[in-house]
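Counting from 1, one number per residue, gives the positions in the sequence shown under the UniProt record's numbering. Ideal Cβ placement from N, Cα and C applies to all residues, glycine included. Nothing here was measured: the structure is a model prediction, and the numbers come from that model.
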Amino acid sequence: MPKLTLHLPGFMHFGRSRSPKPKRDSSSAIDISPSSHSSSPVGASQQVQGGSITAAQNISDGSAGQLTHDSQPVISLIKPYTTGLQLPSPFPQPTPPPRQHLPQSQNENPGALNVIQNTYESRNVSVEGNMNQVSYNYANLIVNASNKFMAELLEKTIPGAAFDSSARDPPPRCHPGTRLAILARCIEFIANAVGEKKMRWVVGAAGVGKSAIMQNVAESPLPSVSKRVSIFFSINGRNDGIKAIITIAYQLAAKCEPYRQFIEHEITREPSLLQSSVSVQFEKFVVEPMIRRPLLNPLDRVLIIIDGLDECDKSHTQRELLRLISDACSTYPSSPIVWMIASRPEPHITSFFTQDRVKAVYEKEEILVDSYEARSDAEKFLRNELTKIQNEFSLHPRWLPERDLWKLANASGGLFVFADTVIKYIGDPVYGNPTAQLNDVLKVIDVHPLRNVSQEKNPMARLDALYAQILSKVPGEIMINTRKILLALILASRKGRRLRIASFLVLCNWLGMTSDDAYAATRHLLSVLDVPERDKAHKSMIRCFHKSFIDYISDSTRSGFSSNIEHEAYELEFHCTFRIFKEAPSGINLNARSMDYTIHDSNVSEIGELARGPGTGDNISLTWSVDEEIDWTDNGTRLIMYKLAISNVVEGVREGDPAFCTEFCIRLLTTRWRRYNRNQFPFRELQKLVFESFFFYSSHGCDAETMH
């Protein structure tokens, strides 16, 4: 019986002598460029060029087009491609390019030279003639460098997190004439906070209107505040707590030139600050420039708003942010920063605020569900909105008896999400029958009176009943598509995938759903889902109006929607991923220069850049094609879906998911890339995966002829 041979990709070799390593470049990218074939069984040798290792983009179809996915761990042989493609070592150390110096003259003008030395932004100044006549345009160089810095810094922030971001348009706001007392207390605190007590915690159950209150505070005229910045966390793609401090720094830099100059200098001098821990960034971008060596007028007050802290992706990051803020308040009582933080009363957040050392630095603003103020505000909101519905649908002036209005108000209590959902449900234009919809809501209230249960003890019970009523309207024959969309929304809330899907049109193609099927699946849920119109579906994503609906369907004890919703969502994602690979087994090349082949993971961190081809990707099927008159293309949809599928494989290998630990997935990760980000690409996980297979074959008589 002939000996089996296992061929390993170049970057997975071990037990080899290494040549001396050249110096590292500061770049974290690894390029793959063409190299000639080698007589070595492995193929071409590695080449280091200016900080990158590059390889041929013309990857042979070879066996790639014949691969089939196997959900079992790797047990089959891994053969090299005929191109001799080599992956680099995960830590190449290329020689940096030579440094360029400004020319010097014997008759230097000290004044002119001083200007050049002190203007660090102007690194590419050209000097003509003798040093007594220097020609330059420093202003343009500085502005261009600053603009580039801000653009690059923006990429490191939480997208759409600011209170005035178009991504949140229209943002939640308090209904006119409501929440006046709470808003007055918050604004008074901001104006009068002194000493170490400069943090206000706005806390309340889901749906009481915390985000609307924080939005109103952010938009209020505040004479004592010179700068205001904000982070509105959300499961809809704005939940990366690691980027919180960079987001604050970016907004401050856009509003304060001395601060921008400071952080630009610090980041230019030490780029690793952008990858540092939250505590290091807080010290460097908040404490040092704003407290220890204040770059603002000493009388200026800075307001920093953090809404939805509980929607930040990791609980330990939430507590770390709270610790840093509270420590800064107690350590620096003269700090100009006032903090407004809103969250649900989650146990780990509540326990933080009960600590004795923290009590001295904050005031608590609790929004009760069942207070007189909350009930009064809910009644005012319902009365005004129902009057609008009456006018819009030309209803009889007495279509809503006063007793029914008060029944709705009492059922809402102070839970504004209930009142808001009721209004959306009754005024749903798809149904077009507010009277019938109103009767549905009244029946829900009558069936779930909750006479013996306090709203404070179980504020979600009646909301759950309303959500159940809304879901019951979805016909059984279309529920399968409705279920797919809801599962996709749940998965997006867990993994931050919304930023990679980008649009409702792409999501429906990913799910294999036509536009007609998609709108039929969502038409009964318009009171809980914000569904883009058809002509905007290529640039807008479907989303939940409120996180409480995702919470409801995710909790089987409340909704009975699924006994294991995480597994069901995973299976759907797995099926969609490998459908793409089945239709494009040999890669993708859509022949459009403007298309971006960069791959990101669920944290929006760059993994690398795909190589083009050898396949075209034309066979990736679309269920929702675009019209020629809109600013989108079918190939754009295909590329996003292929990139998402590749990203899912990368994350599957990172997590050691057996479904992705297959020969097919290894080939994808070792043949389909033009450039790797060494900080994000799963080199070690891939090495471990292949080595385990290697040792398996070695124990069964495999000849490891690739080891030199």
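Taking 3 residues as the shortest admissible run, the region 574-604 contains the following complete beta strand (DSSP E) segments, listed from N- to C-terminal end: 598-600. Counting along the chain, no beta strand (DSSP E) covers residue 652; the unbroken alpha helix (DSSP H) around it starts and ends at 634-654. The alpha-carbon separation between residue 270 and residue 633 amounts to approximately 41 Å. Judged by pairs of C-beta atoms under 8 Å, the region 177-191 does not touch the region 388-398, as fewer than three such pairs exist. Residue 205 is not a Cβ neighbour of residue 375, given a cutoff of 8 Å.
DSSP places residue 533 outside any alpha helix (DSSP H), giving it a letter other than H or E. In the pairwise beta carbon analysis, the region 482-496 is classified as touching the region 563-570: at least three pairs are separated by under 8 Å. The DSSP-derived three-state label of residue 544 is strand.
Counting along the chain, the unbroken beta strand (DSSP E) around residue 199 starts and ends at 199-204.
Straight-line spacing of the CA atoms in residue 280 and residue 611 works out to 36 Å. By the Cβ-count criterion, residue 170 is exposed, with fewer than 16 other Cβ atoms from all chains shown falling within 10 Å of its own Cβ. Contact check for residue 554 against residue 565 passes: the beta carbons are separated by less than 8 Å. Residues 588, 590, 595 of the same chain have their beta carbon placed closer than 7 Å to that of residue 639, with the five preceding and five following residues left out of the count. In this structure the region 344-354 does not lie against the region 211-221, because fewer than three pairs of beta carbons, one per stretch, are closer than 8 Å. By the neighbour-count criterion, in which 16 or more other beta carbons inside 10 Å mark a residue as buried, residue 180 falls on the exposed side.
When the Cα atoms are used, residue 545 and residue 425 turn out to be separated by approximately 12 Å. Assigned with DSSP and collapsed to three states, residue 342 falls in strand. Excluding sequence positions up to five before and after residue 502, its CB lies within less than 7 Å of the CB of 541, 640, all in the same chain and listed in chain order.
Around the CB of residue 382, 16 or more other CB atoms lie within 10 Å, so the residue is classed as buried. Counted as a single uninterrupted DSSP element, the beta strand (DSSP E) harbouring residue 676 occupies residues 673-677. Excluding its 5 nearest sequence neighbours in each direction, residue 234 has C-beta neighbours in its own chain below 7 Å: 308, 311, listed in chain order.
Between residue 504 and residue 532 a beta carbon distance of about 5 Å is seen, short of the 8 Å cut, so the two are scored as contacting. Residue 326 sits close to residue 361, with the two beta carbons spaced by under 8 Å. Taking residue 510 as the centre and dropping the five residues before and after it, the same chain places the C-beta of 576, 641 closer than 6 Å to its C-beta, in chain order.
DSSP, read as helix, strand or coil, puts residue 156 in coil. Ranked by how close their Cα comes to the Cα of residue 535, the residues 631, 608, 226 have 631 in first place.
As far as DSSP is concerned, residue 438 takes part in no beta bridge. Per the C-alpha coordinates, the member of 417, 149, 221 positioned closest to residue 207 is 417.
Taking a cut-off of 8 Å for Cβ pairs, the region 293-305 and the region 332-346 touch, as three or more such pairs fall below it.
Your pair residue 264 and residue 149 checks out as a contact, with CB atoms roughly 5 Å apart and the cut at 8 Å. Residue pairing by DSSP places residue 529 opposite 544 in a beta bridge. One thing to note: residue 437 has its Cβ no nearer than 8 Å to the Cβ of residue 446.
Buried is the label assigned to residue 259, since at least 16 other Cβ atoms lie within 10 Å of its Cβ.
For a cut-off of 8 Å, the C-beta gap from residue 677 to residue 607 is around 6 Å, short enough to register as a contact. In this structure residue 430 does not touch residue 529 by the C-beta definition: roughly 12 Å separates them, more than the 8 Å allowed.
The distance from the Cβ of residue 470 to that of residue 522 is about 12 Å, inconsistent with a contact at the 8 Å cut-off.
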